[in-house]
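Participant:
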Amino acid sequence: DAKTTQPPSMDCAEGRAANLPCNHSTISGNEYVYWYRQIHSQGPQYIIHGLKNNETNEMASLIITEDRKSSTLILPHATLRDTAVYYCIVSLGSLGNQGGKLIFGQGTELSVKP
Amino acid sequence: EAGVTQFPSHSVIEKGQTVTLRCDPISGHDNLYWYRRVMGKEIKFLLHFVKESKQDESGMPNNRFLAERTGGTYSTLKVQPAELEDSGVYFCASSRDRWDTLHFGNGTRLTVT
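In the order they appear, the protein sequences are chains A and B. Here my numbering is used: the first residue of the first sequence is 1, the next is one more, and so on. Here my numbering is used: the first residue of the second sequence is 1, the next is one more, and so on.
Rendered as structure tokens:
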């Protein structure tokens with residue numbers, strides 16, 4: 001079973017920031033938080049990941065709470081092309097020998113509206 | 001670089017028939033994974049190859065599914081005989097190292113009638 005909880009759906013206005021929450025209250029100390037998204041008819045696409053510190057890349061920012069029990073993915077200026085299902089996944093990543101064995105939940109269906 | 005390529009993009013077969021799905025990973029990626037999403041369910045891990053060796057096949061649903069990766073390049077996933085509940089989208093992913101982020105293909109949509 002997935003170790004994360006996400007709202008099933010969210011709306012966002014085009015050009016505004018999209019803030020997608022994720023709860024992972026049972027995360028262990030050496031597990032990373034990964035975000036992937038799936039645009040309709042495509043395969044999942046990696047967005048960002050982090051362990052403790054906040055992370056930013058060209059696609060998004062990841063804010064992880066100090067207790068690491070929740071996180072927020074931020075798309076700073078959402079566009080219509082960001083409409084997708086967003087998956088928050090916890091995984092041992094580079095610290096585990098099961099890197100790549102991701103457990104997907106239901107994700108959040110983000111609809112960006114004009 | 002070319003991405004992960006899957007063939008065919010769609011396949012419609014009758015119950016009891018055999019289907020073979022193919023995945024070409026990104027060149028140089030030793031790790032290859034198969035995932036699938038069946039109707040209404042989450043995306044589930046099936047198995048993981050490191051080069052030509054099966055590292056983890058704990059997600060394979062039953063012995064009707066056979067995955068191979070001869071030569072450590074492309075991989076095939078054969079379903080024989082196909083059942084109605086096998087309908088869904090089969091994704092392949094690859095990574096250079098097992099802790100790298102995964103690069104997914106666009107999947108093969110399998111419909112068993």
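In this text, a Cβ means the ideal position worked out from N, Cα and C, and glycines have one as well.
#1: Would you say residue 35 of chain B reaches chain A, if we count a Cβ-Cβ gap shorter than 9 angstroms as a contact?
#2: Looking at C-beta atoms only, is the number of pairs between the stretch 19-37 of chain B and the stretch 59-79 of chain A that lie closer than 8 angstroms three or more?
#3: Find the residues of chain B that neighbour residue 101 of chain A, judging by a C-beta separation of less than 7 angstroms, and give them in chain order.
#4: Compute the beta-carbon to beta-carbon distance between residue 42 of chain A and residue 85 of chain A, rounded to the nearest angstrom, for a pair I have assumed lies under 8 angstroms.
#5: Quickly, what does DSSP pair residue 65 of chain B with across the bridge? List them, please.
#6: Please list, in chain order, the residues of the stretch 97-108 of chain B that have any C-beta partner in chain A closer than 7 angstroms.
#7: Whose C-beta lies closer than 8 angstroms to the C-beta of residue 17 of chain A among residues of the same chain, with five residues either side of it excluded?
#8: Based on Cα-Cα distance, which residue from A:35, A:6, A:28 lies nearest to residue 68 of chain A?
#9: Flag residue 95 of chain A as yes if its beta-carbon sits less than 9 angstroms from any beta-carbon of chain B, otherwise no.
#10: Does DSSP put residue 11 of chain A in a helix, in a strand, or in coil?
#11: With 7 angstroms as the limit, tell me which residues of the stretch 9-35 of chain B have their beta carbon closer than that to any beta carbon of chain A; keep them in chain order.
#12: Looking at the unbroken beta strand (DSSP E) that takes in residue 35 of chain A, where does it start and where does it end?
#13: Using DSSP with H/G/I as helix, E/B as strand and the rest coil, what is residue 42 of chain B?
#14: Is DSSP giving residue 80 of chain A helix, strand or coil here?
#15: What three-state label does DSSP hand residue 84 of chain B in the structure shown?
#16: Would you decide whether residue 110 of chain A is buried or exposed? Buried here means 16 or more other CB atoms lie within 10 Å of its CB.
Facilitator: This is what the structure holds:
#1: yes
#2: no
#3: 45, 48, 56
#4: Not a contact, Cβ separation roughly 11 angstroms.
#5: B:79
#6: 98, 99, 101, 102, 104, 105, 106, 107
#7: 74, 75, 76, 77, 78
#8: A:28
#9: Low per-residue confidence applies at residue 95 of chain A: pLDDT is 49, beneath 50, and the placement is therefore not dependable enough to give any value.
#10: strand
#11: 31, 33
#12: 32-38
#13: coil
#14: helix
#15: helix
#16: buried
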